[in-house]
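Per my numbering, the sequence shown starts with residue 3, numbered consecutively. In this text, a Cβ means the ideal position worked out from N, Cα and C, and glycines have one as well. Below: one structure, written as structure tokens.
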Amino acid sequence: MGDIHASGAADITVASVRSMVSGERLSKYSPERFKLVLVDEAHHIVAPGYLQVLQHFGLEQQTSTGPALVGVSATFSRFDGLKLGTAIDHIVYHKDYIDMIGEKWLSDVMFTTVRSKADLSRVRSGKDGDFQTGQLSAAVNTEITNEITVRAWMDEASDRKSTLVFCVDLNHVASLTSTFRKHGINAQSVTGNTKKSVRGERLESFKNREFPVLLNCGVFTEGTDVPNIDCVLLARPTKSRNLLVQMIGRGMRLYPGKKDCHVIDMVASLETGIVTVPTLFGLDPSEMVRSAKVDDLKALKDSRTEKEVSTNAASHLVDSDGVSGNHQLDFIHYDSVHDLIEDTSGERHLRAISPNAWVQIDSYKYVLAARGGILTLERRLPTDTPYSKSDSNPRATDASYMVIWKQSLPPTETSKSPWSRPRTVATAATLSDALHAADTFAAQKFERVFIATSSSWRKSPASKGQLDFLNRLREVSEEEPLTEMDLTKGQAGDMITKVKFGVRGRFDKLMRKKRGVEKGLEKERRVKEMREREVVRVGPVDA
């Protein structure tokens, strides 16, 4: 260190990895002379510099002839996906910090979460899986968020003697320090750019409790011992459990007269993957707590688990509404528009109670089309507005189901649409009642032969025109084109009705939903994978 240089021949040599790999220094140390290599902060052991040192001592792989390798760390896991098994073979001992609090090895902790209003929805993840620093700073380092942060500290921890604040970057440190000072609070800061002499003086003054608030970014997350810290203010959101524990850990050292450490977590928008104080205890990240002890959070977790079990059990006792035979349709995955067109499961329920060839266009929307017009039966929410203001039915806005009629216009009409304005002809509280009303109306408007499921023409082979229309919809990669051996006229007609009256839109909607679900599942998978990497278990370590 500085002007002092190790000889390489001492019984015990204490060195930083950065110093050892500098120049020719490693060559001083003969591997045969050493019995033990002890690595502190061993979660860094798979970094290139560490691996270079291990390789020099013949420890890049397990050996019975070289020195023993022992690694110690308070957070013995990696967030970035690098596997510790590259250098470490076995975890022989692990004690969780929560257990260490209970056993009085660490100070008791009190937790408070505060909603900061920062929006992280547009903040991307970096290569290490955590938030990109620049984008995170832009989202967090705002006037309103900084004001909320300082006011939260004033309300919850102004009586604390030594508060350490974790910020995102240099700009955030400067802005938040300024906000503290604006409120008359003597806040100082330390960053990587702070001169070594100034940093030492400032840290010593903080240890002596000469000022109450010290802000930093990336300086005090590990390897710092300031036991008098009795409050930690987390103004830096993270996805890394390790980083969160490291930041909290700065305030968990025991100190004479120190009752506990108050951790204030400024919780931003809760997108998938963020870790907050509640997540450390298995709670939802949106759970807000105030002055909660470790035992309080454990009890809250237990009560939430019991409630979850009760809710899940109760959900199995709920009956369907009797007309939910099509509920599952929104969760069927179709590979192409044609697969959706061919699916007739939605019509079976209606055709079991109606003589007519109703075709499902969308969830709770059915069409009966023939010469003269189109009849639509669809479910409506109570707040929906009826199609026609001229309808006098007083129950129209309260109905669960509505029957809509659109009449074909003669070719001489100048309207842009081939249909008249839609008119509500019936409303009903149940699907069966609405269907009965629709069939009654259809009998007055359509010739039975064109709408009845039992009509003989429906059983004839599909026409060339029908097949040409449907085959144009099929993907080039699909199997052989449809022929009259594959479809009847009735089946082809139903499929064409679906195409004409909106099934393409339904397919697009389902595909968007499917992509959204798949994207969400992939995001959850990545988050789960990251969380698994941060779990420490005694036993062999995967390479």
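> Taking just the CA atoms, how far does D262 sit from N230?
Replying inline: As a working note, residue 230 is residue 228 in the sequence shown. As a working note, residue 262 is residue 260 in the sequence shown. Between N230 and D262, the C-alpha separation is close to 10 Å.
> Which of the three DSSP states, helix, strand or coil, is assigned to Y1?
Replying inline: Here the chain comprises residues numbered 3 to 545, so residue 1 is not present and cannot be evaluated.
> What runs of the beta strand (DSSP E), each 3 residues or longer, lie entirely inside the segment 66-146?
Replying inline: 70-73, 110-117
> For the beta strand (DSSP E) that F448 lies in, which residues bound it at each end?
Replying inline: What you label residue 448 is simply residue 446 of the sequence shown in a count that begins at 1. No beta strand (DSSP E) holds F448; DSSP gives it neither H nor E.
>> Our contact map puts V74 next to Y52 with C-beta atoms below 8 Å; I'd like the distance itself, whole angstroms only.
In response: In the sequence shown, residue 74 corresponds to position 72, counting from 1. In the sequence shown, residue 52 corresponds to position 50, counting from 1. With a Cβ gap of about 14 Å, V74 and Y52 do not count as contacting.
>> Taking only three categories from DSSP, how would you classify I363?
In response: Along the sequence shown, read from residue 1 onward, the residue named residue 363 stands at position 361. Strand, per DSSP.
> Roughly how many whole angstroms lie between the Cα atoms of D110 and V228?
Replying inline: Here residue 110 is taken as the residue at index 108 of the sequence shown, counted from 1. Here residue 228 is taken as the residue at index 226 of the sequence shown, counted from 1. If I take the Cα positions, the gap works out to 16 Å.
> Going by other Cβ atoms of all chains shown within 10 Å of its Cβ, with 16 needed for buried, is D544 buried or exposed?
Replying inline: Numbered from 1 along the sequence shown, position 542 holds the residue referred to as residue 544. Counting Cβ neighbours within 10 Å, D544 comes out exposed, since fewer than 16 surround it.
> What are the start and end residues of each continuous alpha helix (DSSP H) run of 4 or more residues lying completely inside the segment 148-235, in chain order?
Replying inline: 172-184, 198-209
> From N170 to V200, what does the alpha carbon distance come to, in whole angstroms?
Replying inline: Stepping through the sequence shown from its first residue, residue 170 is reached at position 168. Stepping through the sequence shown from its first residue, residue 200 is reached at position 198. What sits at residue 170 in the sequence shown is Val, not Asn. C-alpha separation (whole angstroms): 21 Å.
>> Taking the alpha carbon of R123 as the reference point, which residue from T114, I90, K129, F133 has its own alpha carbon closest?
In response: What you label residue 123 is simply residue 121 of the sequence shown in a count that begins at 1. Here residue 123 is Ser; the residue named in the question, Arg, does not match the sequence. Here the closest residue by C-alpha is F133.
> Helix, strand or coil: which one does DSSP assign to K466?
Replying inline: The residue given as residue 466 occupies position 464 in the sequence shown. Looking at K466 - three-state DSSP - the assignment turns out to be helix.
> E526 by DSSP, collapsed to three states: which one?
Replying inline: The sequence position of residue 526 within the sequence shown is 524, counting from 1. Looking at E526 - three-state DSSP - the assignment turns out to be helix.
> Taking C-beta to C-beta, are T378 and I406 nearer than 8 Å?
Replying inline: As a working note, residue 378 is residue 376 in the sequence shown. As a working note, residue 406 is residue 404 in the sequence shown. Their beta carbons are under 8 Å apart, which means T378 touches I406 by this criterion.
> Under three-state DSSP, which class holds R425?
Replying inline: Taking the sequence shown and counting its residues from 1, the one referred to as residue 425 is at position 423. Three-state result, R425: strand.
> Do L216 and L166 have their C-beta atoms closer together than 8 Å?
Replying inline: Against the sequence shown, residue 216 aligns to sequence position 214. Against the sequence shown, residue 166 aligns to sequence position 164. Closer than 8 Å, so yes.
> Who does K295 pair with in a DSSP beta bridge?
Replying inline: Here the question's residue 295 lines up with position 293 in the sequence shown. According to DSSP, K295 bridges with M112.
>> Can you confirm whether the segment 248-259 touches the segment 140-152 when touching is taken to mean that 3 or more C-beta pairs between the two stretches lie within less than 8 Å?
In response: no
> Are L437 and S422 close, meaning C-beta to C-beta below 8 Å?
Replying inline: Reading the sequence shown from its first residue, position 435 is the one you call residue 437. Reading the sequence shown from its first residue, position 420 is the one you call residue 422. Not closer than 8 Å, so no.
>> What would DSSP say about G60, mapped onto helix, strand or coil?
In response: The residue labelled residue 60 in the question sits at position 58 within the sequence shown. If DSSP states are grouped into helix, strand and coil, G60 belongs with coil.
> Under a Cβ-count criterion, where at least 16 other Cβ atoms within 10 Å of its own Cβ denotes burial, should K391 be classed as buried or exposed?
Replying inline: As a first step, residue 391 is located in the sequence shown; it is residue number 389 there, counting from the start. With a pLDDT of 40 at K391, under the threshold of 50, the predicted position of this residue should be treated as unreliable, though the coordinate-derived value follows. By the 10 Å Cβ count, K391 comes out exposed.
> If you follow the beta strand (DSSP E) that T15 is part of, which residue opens it and which one closes it?
Replying inline: Numbered from 1 along the sequence shown, position 13 holds the residue referred to as residue 15. Neither: T15 is in no beta strand (DSSP E) and is coded neither H nor E.
> Name the DSSP bridge partner or partners of N358?
Replying inline: For this step, residue 358 is matched to residue 356 along the sequence shown. A454, per the DSSP bridge assignment.
> Alpha carbon to alpha carbon, what distance is there between K209 and T226?
Replying inline: The sequence position of residue 226 within the sequence shown is 224, counting from 1. The sequence position of residue 209 within the sequence shown is 207, counting from 1. Approximately 12 Å between the Cα atoms of the pair.
> Just checking my contact of D267 with V279 at CB under 8 Å: how many whole Å lie between their CB atoms?
Replying inline: As a working note, residue 267 is residue 265 in the sequence shown. As a working note, residue 279 is residue 277 in the sequence shown. At roughly 4 Å, the Cβ-Cβ gap stays under 8 Å, so D267 and V279 are in contact.
>> I need the straight-line Cα distance from G522 to E62, nearest angstrom please.
In response: For the purposes of this step, residue 522 is taken as residue 520 along the sequence shown, with counting starting at 1. For the purposes of this step, residue 62 is taken as residue 60 along the sequence shown, with counting starting at 1. Between G522 and E62, the C-alpha separation is close to 39 Å.
> From what residue to what residue does the beta strand (DSSP E) around R381 run?
Replying inline: Locating residue 381 in the sequence shown gives position 379, where the first residue counts as 1. Element bounds for R381: 375-381.
>> What residue range does the alpha helix (DSSP H) around L245 cover?
In response: Mapped onto the sequence shown, residue 245 falls at position 243. From DSSP, the alpha helix (DSSP H) with L245 extends over 243-251.
> Taking buried to mean at least 16 other C-beta atoms within 10 Å of its own C-beta, is Q248 buried or exposed?
Replying inline: Here residue 248 corresponds to residue number 246 of the sequence shown, with the count starting at 1. Its Cβ being crowded by 16 or more others within 10 Å, Q248 is buried.
> Name the DSSP bridge partner or partners of K408?
Replying inline: As a working note, residue 408 is residue 406 in the sequence shown. DSSP lists I376 as partners of K408.
>> By the three-class DSSP mapping on this structure, what secondary structure does P239 have?
In response: Taking the first residue of the sequence shown as position 1, residue 239 is located at position 237. Residue state, collapsed to three classes: coil.
> Rounded to whole angstroms, how far is the Cβ of G68 from the Cβ of F59, which I believe are closer than 8 Å?
Replying inline: As a first step, residue 68 must be located in the sequence shown, where it is residue number 66. As a first step, residue 59 must be located in the sequence shown, where it is residue number 57. Their Cβ separation, rounded to whole angstroms, is 6 Å, which keeps G68 and F59 in contact under 8 Å.
> DSSP on S338, reduced to helix/strand/coil?
Replying inline: Residue numbering aside, residue 338 sits at position 336 when the sequence shown is read from its first letter. Unreliable positioning characterises S338 in this predicted model, as indicated by a pLDDT of 42, which lies under 50. The coordinate reading is nonetheless provided below. Three-state result, S338: coil.
>> Along the chain, where does the alpha helix (DSSP H) containing M22 start, and where does it finish?
In response: Counted from its first residue, the sequence shown places residue 22 at position 20. Per DSSP, M22 belongs to the alpha helix (DSSP H) from 19-22.
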